[in-house]
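First up is the structure itself, then whatever we jot down about it.
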Amino acid sequence: HAGPTYEIKQVPNNATFAADQLAAMSTTKDGLVLKANYVNETLGSIKLGVNASVFYAGLMAWMGWFLFALFGAIGIAALPLDLILAFVDRPRHMDAVEFAEAQVLLRDRVNELVNVGELIKLEREEKAQQNGGKGGGFFSREARKAAAEEKKTLLQFKQAVYLLDEDVEDFRNCTENYQHYNPLIPIGCLIMGIGAFFVSLFWVLHIILYVLPQPPATPFLNSYFHWFDKWFPLFGVLSVALFSFYLLLCGVKGCFKFGMRFLFFQVHPMKLNKTYMSSFLFNIGLVLLCALPVVQFSATAFQDYARNTTISQVVNVQLKYLKFFGWFWRSKVFEYALLCICFLTCIYLGCRPRDSSGANSLDMLDRLRSRSG
4 HAGPTYEIKQ VPNNATFAAD QLAAMSTTKD GLVLKANYVN ETLGSIKLGV
54 NASVFYAGLM AWMGWFLFAL FGAIGIAALP LDLILAFVDR PRHMDAVEFA
104 EAQVLLRDRV NELVNVGELI KLEREEKAQQ NGGKGGGFFS REARKAAAEE
154 KKTLLQFKQA VYLLDEDVED FRNCTENYQH YNPLIPIGCL IMGIGAFFVS
204 LFWVLHIILY VLPQPPATPF LNSYFHWFDK WFPLFGVLSV ALFSFYLLLC
254 GVKGCFKFGM RFLFFQVHPM KLNKTYMSSF LFNIGLVLLC ALPVVQFSAT
304 AFQDYARNTT ISQVVNVQLK YLKFFGWFWR SKVFEYALLC ICFLTCIYLG
354 CRPRDSSGAN SLDMLDRLRS RSG
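All the letters of the sequence shown, read from the start, carry residue numbers 4 to 376 under this note's numbering.
The structure is reproduced here in C-alpha cells:
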C-alpha cells in the first residue's frame, strides 16, 4: 500500500460528503485489512483455462507466423522497391533502331522458350510411355532426383515465360499502345512507392524501438496514433488499419518475390483481368494464414494505443501465455526473425534489385537435350 487506509465516519441521511469526514484507521485495523488481502508471494503463476476458439486461434497464429515472418519481412523490403522501379522502368518512346533491336531480342526469346516447351512436353510423354502411366517410384533415389530436376526445369520455364510476358507488355506500351498508355500509372507507382518506403521504415523503427526492447525505449507510433485521436479520432483508427493492412500486402508481395527468386514453388501473380482462379485461391489462402499473425503482431505493437480493448486482452493475456505457443511470443522469436530476414532482404535486393530468369533459355535447352539424348 502506498499510503494510509481510511474509513468513512457515519454520515447522516441526505448529507453531503466532505473531505473532513475521512479519518485515519488505527494500526490494528490496518493490519486486519492487509491480512485479509494478503497475496502469497511464492505463488509464481495462476493456471486459467481458455476456450477452444482461443486455443485454435493461437494454433493458427503460431502456424501462420512461420509464413508471415518470412514473406512479410521480404515484402517490407521488396514492395517499396518494386513500386519505385515501376516508375524508373516506365514505357518510353522508341526510335526505329531501338524498336528493331527490341523486336529481334523478343523474337529470339520467344523461339527459345517455344523450343524449351516442346522438349519438356516430349520428355513427359516419353516418361509416361516408359512407366506405363505410373510414377517412377517414391523409394527410388534416381526417380526422386529426376522428378526434382523436372520440377525445377518446369518452374524455371514458367518464370521465364512470365518475365517474357512482362517484357512484351512493356514493349507494346512503348510502341503500338503508346498513344493509349496512361502516363499517370508510373507516377502513381512512384507516389505509392515513396509512401510504402516510409511505412516500411516506420515499421522497422517501431519494431526496434518498441516491440523488441523490454521495457520499450519509446511508444513511437503509439504516440502518433494518440496525437491523431486528439485531433480527429477516426484518423488514429484509420492509421492502425493502414499499417496493419500494409503487412498483409507485404506478405503477398514477399511470397511472390520469394517464388520468383528461389523457385521453390510456382508463382501466382495478381494482374487486372489476367489472374487465374488458382492464383486467386492461392493468394486468398496466404492472406488467411497471415491474417491472425498480423492481428496479433499489430495488437502487440500498438498495445499502448489499444489498451483496454478486447483484442488486446485476448492477444496480450490469453494467447501470450498459452502453453508451448506462448514461449515463442514471450521470447519474441518471430519478431527477431522478421527483422533479421528484412535486413538480409535489403542487402540482397541492393545487389539484385530487378527480377531476372534464374536460367538462360539456351541453358535449359542444353539440359533438356542432354537428358533426352
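Backbone N, C-alpha and C define an ideal beta-carbon position, used for all residues, glycine too.
Simplified DSSP assignment, three categories, for residue i
i, result
"arginine 357", "coil"
"isoleucine 49", "coil"
"threonine 378", "Here the chain has residues from 4 to 376 only, and residue 378 is not among them."
"aspartate 232", "helix"
"aspartate 85", "helix"
"methionine 97", "coil"
"serine 56", "helix"
"phenylalanine 261", "helix"
"histidine 271", "coil"
"threonine 221", "coil"
"tyrosine 249", "helix"
"threonine 348", "helix"
"aspartate 92", "coil"
CA-to-CA distance, residue j to residue i, given in whole angstroms
i, j, result
"isoleucine 197", "histidine 209", "18 angstroms"
"valine 113", "leucine 341", "39 angstroms"
"serine 56", "valine 290", "20 angstroms"
"glutamate 169", "arginine 355", "18 angstroms"
"isoleucine 314", "alanine 302", "7 angstroms"
"cysteine 293", "isoleucine 77", "14 angstroms"
"asparagine 276", "threonine 221", "45 angstroms"
"methionine 66", "phenylalanine 328", "10 angstroms"
"valine 240", "phenylalanine 231", "9 angstroms"
"asparagine 319", "valine 202", "24 angstroms"
"histidine 96", "valine 164", "25 angstroms"
"serine 143", "alanine 151", "12 angstroms"
"leucine 387", "tyrosine 339", "Any property of residue 387 remains undetermined from this structure, which presents the chain solely from 4 to 376."
"glutamine 316", "phenylalanine 69", "23 angstroms"
"asparagine 185", "glutamate 179", "13 angstroms"
"isoleucine 49", "asparagine 311", "21 angstroms"
"isoleucine 287", "glutamate 145", "36 angstroms"
"methionine 195", "alanine 99", "33 angstroms"
"tyrosine 181", "leucine 187", "13 angstroms"
"leucine 215", "leucine 204", "16 angstroms"
"lysine 130", "leucine 252", "41 angstroms"
"isoleucine 11", "phenylalanine 337", "Here isoleucine 11 scores only 48 on pLDDT, less than 50, and its place in the model should not be relied on; the value that follows carries that caveat. Going by the C-alpha atoms only, they are around 53 angstroms apart."
"isoleucine 350", "leucine 84", "12 angstroms"
Residues near residue i by beta carbon distance below 7 angstroms, same chain, minus five either side
i, result
"arginine 93", "Pro189"
"leucine 157", "Ile123"
"phenylalanine 238", "Phe231"
Beta-carbon proximity of residue i to residue j, cut-off 8 angstroms
i, j, result
"glycine 61", "leucine 250", "no"
"phenylalanine 228", "phenylalanine 305", "yes"
"glycine 254", "glycine 75", "yes"
"alanine 81", "lysine 260", "yes"
"glutamine 269", "lysine 335", "no"
"leucine 86", "alanine 199", "yes"
"alanine 89", "cysteine 177", "no"
"valine 53", "glutamine 321", "yes"
"lysine 155", "leucine 266", "yes"
"leucine 116", "leucine 166", "no"
"proline 219", "leucine 212", "yes"
Own chain, CB closer than 6 angstroms to residue i, minus 5 neighbours either side, in chain order
i, result
"lysine 233", "none"
"tryptophan 332", "Lys323"
"methionine 263", "Val270, Asp358"
"lysine 256", "Gly78, Ala81, Leu82"
"alanine 64", "Leu295, Pro296, Gln299"
"valine 107", "none"
Sequence-distant residues of the same chain with beta carbon closer than 8 angstroms to residue i, five excluded per side
i, result
"phenylalanine 58", "Leu325"
"glycine 6", "Reliability of the predicted coordinates at glycine 6 is poor, the pLDDT of 49 falling under 50, and no value is obtained from them."
"tryptophan 206", "Ile79, Phe246, Tyr249, Leu250"
"leucine 243", "Before going further, note that residue 243 is valine rather than leucine in the sequence given. Closer than 8 angstroms at Cβ, skipping near neighbours: Phe228, Ser301, Phe305, Tyr308, Ala309."
"phenylalanine 285", "His271"
is_contact[residue i, chain B] using C-beta, thresh 8 angstroms
i, result
"threonine 313", "The structure shown contains no chain B; it holds only a single protein chain."
Contact test: residue i Cβ vs the ligand MN heavy atom, cutoff 7 angstroms
i, result
"alanine 244", "The ligand content of the structure shown is nil, which means the ligand MN is not present either."
Practice item. Count the C-beta pairs between the segment 100-108 and the segment 273-287 that are closer than 8 angstroms, then say yes if the count reaches three, no if not. Key: no
**Study point:** Inter-stretch contact at 8 angstroms, needing at least 3 Cβ pairs: the segment 170-187 / the segment 116-133
**Key:** no
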